[in-house]
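In full-length UniProt numbering, the protein residues as written are 2 to 141.
Below is one structure, written out as structure tokens; the observations come after it.
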Ligand code: CMP
């Protein structure tokens, strides 16, 4: 089915100047960018976005990293977009990511891991709504 998913190009990949290379992977694999914004997140925004991880030991470092520089946030649309984006990203830990995936090619560590992608339809809906009002999405 056609789905939408939320993608974030994290501060490490923005600093590396590879937004275009990552967009190209989305586009050549059938994912269309239907909304996008570049922003530096506030601490409150990053904490809210990652609220499900609030009790995890890495939460403070994650929020610090995600607010360390601008991020590129987009909605991707396409057939099976959630799983397809996760395939393109590779494993959360770049050391475990398959060769040829975004994280294998552009990420340094489990914190600075280049990209975020929603993991299920429910989280995709919540995450898209967090950053984009419906009117900001340009489908077809
Ligand atoms: P992301 O998909 O953005 O969701 C939460 C982030 O926490 C994850 O990518 C990682 O960058 C970061 N993180 C740091 N340590 C861990 C860990 N041990 N397990 C999962 N995520 C981690």
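Beta carbons: idealized from backbone N, C-alpha and C, even for Gly.
| Item | Value |
| --- | --- |
| Cβ shell of residue 76 (< 7 Å), same chain only, five flanking positions each side left out | 5, 7, 35, 36, 129, 133, 138 |
| Contact with chain D by residue 111, beta-carbon distance below 8 Å | Protein chain content of the structure displayed is limited to a single chain, and chain D is not contained in it. |
| Selection from 116, 27, 124 that minimises the alpha carbon distance to residue 73 | 116 |
| Buried or exposed (CB count within 10 angstroms, at least 16 for buried), residue 49 | exposed |
| The region 40-48 in contact with the region 85-100 per 3-pair CB rule at 8 Å | no |
| Exposed unless 16 or more other CB atoms sit within 10 angstroms - verdict on residue 62 | exposed |
| Buried versus exposed, by CB contacts within 10 Å (16 or more), residue 58 | exposed |
| Candidates 17, 15, 86: closest to residue 30 by CA position | 86 |
| Runs of alpha helix (DSSP H) wholly within the region 48-133 (minimum 4 residues, chain order) | 60-67, 82-90, 103-107, 122-132 |
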